[in-house]
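Residue numbers (this note's numbering), protein chains in the order written: chain U, 1 to 309; chain D, 310 to 505; chain L, 506 to 1173; chain P, 1174 to 1337. No residue lacks a Cβ here, since even glycine has one placed at the ideal position from N, Cα and C. Everything numeric in this text was worked out from a predicted model, so none of it was measured.
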Amino acid sequence: MRYAYFPGCSLKSSGRAYEESFLAVCRALEIGMDELDDWNCCGATAYMSVDEANSHVLATRNLALAERVGLDVVVPCAGCYGVLAKSKEYFEKYSSVRNAVTTGLAAGGFAYEGRAQVRHPLDILSNDLPPRALRSKVKKPLKGLKVACYYGCRLIRPVSPFDDMHDPQTMDGLLKSVGARMVEYGLKGKCCGGSLTGTVPEAGLPMCYDLLKEAHRLEADVIATACPLCQFNLECYQDDIAKKHPDLKPMPVVYFTQLIGVAMGLDPKDLGLHRQIVPIEPLLREKGILGGEDAKPKAKEPAAAGGRS
Amino acid sequence: MDPIEREIRYESDRDPTFADEIRAMPGCELMDRCIQCATCSGICPMSDAMELTPRRIIELTRNGFKNDVLRANTIWLCTSCYQCQVECPKKIGITDIMYALKSKAIESGAYGKKFTIPILAREFYAMVKANGRVSESRLVQRLFMKTQPTRFLGMGRLGMKLMKTGRFSNKVERMRNPEGLRRALEALPTDGRKRS
Amino acid sequence: MMTELHQNGQEEVRIGYFVCHCGTNIAAMIDVAAVAEYVSTLPNVVVSKDYRYMCSEAGQDLIVQDIKEHRLNRIVVAACSPLLHERTFRTATQRGGINPFFCHMVNIREHGSWVHEDRAEATEKAKALARGAIGRVKYHKALEKRREPVTPAALVVGGGIAGIQAALTLANTGKKVYLVERDPTIGGHMAKFDKTFPTLDCAACILTPKMSEVYAHPNIVLWTYSEVEGIEGYVGNYQVRVRRKARYIDEELCVGCLDCVDECVFKVGNVDDEFNVGLSKRKPVYMPFPQAVPKLVVIDPVACTHLNGGNCQKSCVDACERAAINFDQTDTIEEIKVGAVIVATGFKTFDPKRKPLYGYGKYPNVYTALEVERLVTSCGPTEGEVVCRDGRTPKKIGIVHCVGSRDHQTNRWCSRVCCMYSMKLAHLLHEHTGAEIYNFYIDIRAPGKGYEEFYERLQEEGNHFIRGRVAEITDIPKVAEEEGMLTIRVEDSLAGFVRRIPVDMVVLSTGLEPHADSQDVRRMFNISCSREGFFLERHPKLAPVSTTTDGVYLAGCCQGPKDIPDTVAQAGAAAAEALTLLDTGYVEMEPSVSVVDPIFCSGCKTCLNLCPYHAITRDDAKGVAVINPVLCKGCGVCVAACPSGAITQNLFEDREIFEEIEEVLAYA
Amino acid sequence: MPEDTQPRILAFFCNWCTYTAADLAGVSRMKYAATSRVVRVMCSGRIDPQFVLSAFAKGADGVLIGGCHPGDCHYISGNTKCLRRHRLLKRMLADMGIEPERLRLEWISASEGDRVKTVINEMTADLKRLGPLKLPERCVAWDVEAIDEEPDHAEAVAKEAVHA
């Protein structure tokens, strides 16, 4: 199995642990991930708000790169996934978008024909991997770990090609297969507030609070996510939220790939567990899943590296 | 006491081309079949903070009340979570309409100055245009410095933690060769920079 | 070609062309005067006129007069669809004194003025079509309609209120009626209702007398637990096969005493009770409800231990004094002959699990409206006491309108009855529990006699009406008042803000939709469906109970959602249409059948296997094919296949069609 | 084809499904190009391949056949016969040098008025792209008239024989 890999900007900085854990898991499962050569930002929601036509040019250039190497492109960041999938859909659906994209890309020396598919790690791990391939690699099943799987918006909306839009199950299924227990997290598809947590915190942060509170109410040990923005919002603003809601206890928020990696017995450092603001390692040790000490940051942390290929 | 304001709209308050401009954008074409059922407003996680609920935005937009629509905080509070769009019984591309309205607002400069989102959008846009990629930490710093300097200072502790865990740095992210992308983005006449 | 006709000593062709304005319907988009003028230049055209309304009495008279005055022998009318007015103009042609099949129609309204936007192009098209018709009509021949006798009996499929009403109406005129119902009892959905809107009279009180009347009527043969398996023949002469499913009860012997039910080895019910929509359990041997008609028990072969091959002491057999239980019974097939069929197969309610937001099946206190009907009725599983599945008596109830309706993701149509039945249930629930009731609606649709007044009554009774479609029902509390409740999140669109309303019970007013097997039924009776799957009437206004298959009529919700008064009215109309056919005693068959010319037939038998009706046989003595005109339905498949061109289809002759093609295209 | 010349589509619609659908398109006031000329037949199974060839010979740029969906034929199975003839015709047209896409078969049920609109508009666009049908030289002489005359003669002979 071999795919093109589009990290996106977040996975090179605030969401580094997602990239690290995802690539580590892929290596262990012998799934080839070729990072797209000189990819560009997908445009996110912001670019679309400024320049609609060019937002599609921006997004499809990455798809054109994937097409060059003849591979489908895997996009772990739910935001990037949503943007690239939307551009692909609109490329097929609207001739105006198709014309704009074709013209724009041609000017830059690129071409996209709509062949390269946009895939998400949840999709390929659930559907492309042979059954039991993951289970057979489990060394430390996540026994006793109660997980709230949080999917957020863009993996399941506006379209949901690999999961149930109203009750997504792929992440639950994967984590179940590595031994974790799921809580019935009724808010799994609700919005985390997106960029509003930064721009209009009084509107954005209450949404994170609702999500965290419900996870606590269900007595989850940890929230698993598949999106760097969701992860950041839920984890990093907990102090901020606690100022208004002092009863809110800390809740570890991790990437689902980190939990899979732990279950596969991979080195916590390779999974970026040390990048947690709300640490998870003590909890994993308490449950007997991890042994030894907390992974310490390396003596000299390399700067959040971009352009690595 | 606040002065009394009369709430009435005349035909001259309507922008005759506004609705057509929005309708012409991809994903926005089905606006006219809205039955004002309010599912969008009911499902929207932000609707309780909005001056006009999404339902009202649709109604005002299709009737050409451009000023009312672009002045409201609604479009800037849309997080693009797509819940309204997937639940709309008439399959109207509500989130796409919100995007279209955001671009109209930025284009015409008609947004409330207290909103930082358009500024974020513009900063983001400029950064992508220059480097092909976004340097998250720089973007956040620029935005906060420009809009909420006090909050920025209050976030110092989080910033430190992020630096320590390697999730935040001042390095500028850029493509190896952004030329091709730049040419691609400049090929279209609808380029936002030229338009605004 | 024409001169040849003259030389052959045949009559001179004299064509009259009449183009209709249809008010402005045609004239606004087609220059009818220009078309008429153009046609007047075509060969054989003696008269070419435009007129405001050709289908009016005056318009028809125009044809009659011109036939007489100008000795016309061919008529072309350019107007609306021939499916609408072909009969009208053929009749007018006949009144003028010539054979009606010398008339041909050109469709320039549905296929012309209504679908085009460029007047010049639409006019050109009308001219081309006119030229095609002028070309073909000269080959038309005088044809006669054949008369076939009609079997004076009718089949009514479905024993809900529509089927009951239609059957009784027909039977009361002395016609024999076969009423076939799939379930063990007649009564349909209406039998499950508690009260009916807006008068709040008890559904059972007005329905059960009719059900008994059906049972007792000397002209009605009632077959419940039976299904139509196949139908052959044609209008007036249908042969129908009905499967009577094994009841394992001798209908002649059973008196409905229920001793067998009491003595069944299962002391309590173990199967979801269909009549109470799963709110209670029944035994494998059961009577659907006490007022069931016929008053017979039935044994469910899936649930019965003995019929499942298990070891059972069969106490039911011992309990029956009349020895009515017969485990050896098998399905039987009845073959009947009828002249007309009334399809009244009803509807099913929308499955709210298809809208996960409403939490049906997830939250026990979310109910469908039909469940609530059973809950509020005194003969229901709780004897009229409204208790939720979790045991609480609701103090606040939310009623969600339009569930599954007006929704492109599920059913696009308005189900027409939900507003009214929601209000009825609001009234009944309030009456039974004193609860505070919230109605969540998109639009209140109350366009019936006394309906708006009922709405007003509900408002005055203190019901809340909140204009907004419910977006979410959740058990996750946000504030203290929501603890332990189901919270409804909705925009109160008239107030303009979002509200969260905690309730004990949610009622989903599910819409109406076609049965899952409606496509099979449709194919069997050879009728059409509208896009949503409801059976299609021949014309939405002028033939609302007829179908495209002659002799097959529609009644009730199988044609589209409607309430009880409309259903009863439509059933009456369907019965009247059927009666018209049965009482006339004969049908006139369209003459567009196929005919073999024995001179050219090579006897190759190609056509024999193609005919779907086995209408073609080979006369071995003469070595040629012969078409039975009684069996031929005039599809023309054999004509297109005949290698020697020996078969001709009346009104669709090769030369007529070739000429139409050539002339249509000859107009530049 | 110059932009302003419209292609000519000869359409054969079965009475029960597609003709009714076209009526529905009209009743629903859907708008489509005025390029089609409908010949009504009772069943798509009635459509003789010669009708199609004749249409091309007499100047149609495209031929559209509309019938009931498979399984829905008013005459049980006429549409499947039409389908087979259509496949044969496609091959014949290709052999004759006529682009096979000039012939289109569509199943359109009585409720699919919008489909009539879409198909005719699509076909109009396709035919504009293909340009007017330039009948290959060897086909120009081919004409239904020639076929017509022969039976006339034969008929006379046959009838004489019968009378004799």
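Take P/Val1212, set aside five residues on each side of it, and the residues of its chain with a beta-carbon closer than 6 Å to its own are Phe1185, in chain order.
Taking a Cβ-Cβ cut-off of 9 Å, P/Trp1280 has no neighbours in chain L, whose nearest Cβ is about 13 Å from it. It is roughly 50 Å from the alpha-carbon of D/Ala439 to the alpha-carbon of L/Asp623. By the CB criterion at 9 Å, D/Asn382 and D/Ala419 fall outside the cutoff. Across the set U/Val183, U/Leu259 and U/Leu266, the C-alpha of U/Leu259 shows the shortest separation from the C-alpha of U/Leu283. For the stretch 970-1045 of chain L, the continuous alpha helix (DSSP H) assignments of 4+ residues that do not extend past its boundaries occur at 1023-1030, in sequence order. Counting every other CB atom within 10 Å of its CB across the protein chains shown gives U/Asp37 a total below 16, marking it as exposed.
With a cut-off of 8 Å on Cβ pairs, the stretch 1007-1019 of chain L is in contact with the stretch 867-874 of chain L, counting three or more such pairs. Near chain D, meaning a CB-to-CB distance below 7 Å, the residues of the stretch 910-931 of chain L are Arg911, Asp912, His913 and Gln914. The Cβ-Cβ distance between P/Arg1264 and L/Val1169 does not fall below 9 Å. When CB distances to chain L are screened at a threshold of 7 Å, the residues of the stretch 211-225 of chain U falling below it are Glu214, in chain order. The stretch 98-110 of chain U makes no contact with the stretch 140-148 of chain U; the number of CB pairs closer than 8 Å stays below 3.
At the C-beta level, U/Ser14 and D/Arg442 stay beyond 9 Å of one another.
When C-beta atoms of the stretch 238-246 of chain U are compared with those of the stretch 205-216 of chain U, three or more pairs fall below 8 Å, so the two segments count as touching. Looking at the DSSP output, P/Gly1240 shares a beta bridge with P/Trp1280.
Here D/Ile317 carries a coil assignment [DSSP, helix/strand/coil]. Scanning the stretch 824-852 of chain L from its first residue to its last, the whole beta strand (DSSP E) runs of 3-plus residues come out as 837-843 and 845-848.
Between the stretch 50-67 of chain U and the stretch 447-454 of chain D there are fewer than three inter-stretch CB-CB distances shorter than 8 Å, so the stretches are not counted as touching. Our two residues, L/Val922 and L/Asp1068, have alpha carbons roughly 6 Å apart in a direct line. Here P/His1259 is buried: its Cβ has 16 or more other Cβ atoms, across all protein chains shown, within 10 Å. The C-beta of U/Thr45 comes closer than 9 Å to at least one C-beta of chain D.
Cβ neighbours of P/Leu1197 within its own chain (closer than 6 Å, five residues either side excluded): Gly1286.
The way I'd put it, the stretch 644-657 of chain L doesn't touch the stretch 1217-1237 of chain P; fewer than three beta-carbon pairs between them come closer than 8 Å. Nearest Cα to U/Gly109 within the set D/Arg485, D/Leu490 and D/Gln457: D/Leu490. U/Ala4 and L/Cys893 have their C-alpha atoms roughly 54 Å apart. DSSP places P/His1247 in the coil class of the three-state scheme, outside both helix and strand. For L/Pro795, there are no neighbours in chain U by C-beta distance under 9 Å, as the nearest C-beta there is about 41 Å away.
Runs of the alpha helix (DSSP H) spanning 4 or more residues and lying entirely within the stretch 318-360 of chain D occur at 327-332 and 348-352, in chain order. The Cβ-Cβ distance between L/Val719 and L/Ser731 does not fall below 9 Å. The beta carbon of U/Phe110 falls within 9 Å of a beta carbon belonging to chain D, placing the residue at that interface.
In this structure, the beta-carbon distance from D/Ile406 to D/Ile367 falls below 9 Å. It is roughly 55 Å from the alpha-carbon of U/Leu174 to the alpha-carbon of L/Pro799. By the neighbour-count criterion, in which 16 or more other beta carbons inside 10 Å mark a residue as buried, L/Gln818 falls on the exposed side. Assignment of P/Arg1202 by DSSP, reduced to helix, strand and coil, places it in the coil class. Beta-bridge pairing by DSSP links D/Arg380 to no other residue. Taking 9 Å as the upper bound on Cβ-Cβ separation, chain L lies near residues Asp1245, Cys1246, His1247, Tyr1248, Ile1249, Ser1250, Gly1251, Lys1254, Cys1255 and Arg1258 of the stretch 1245-1263 of chain P.
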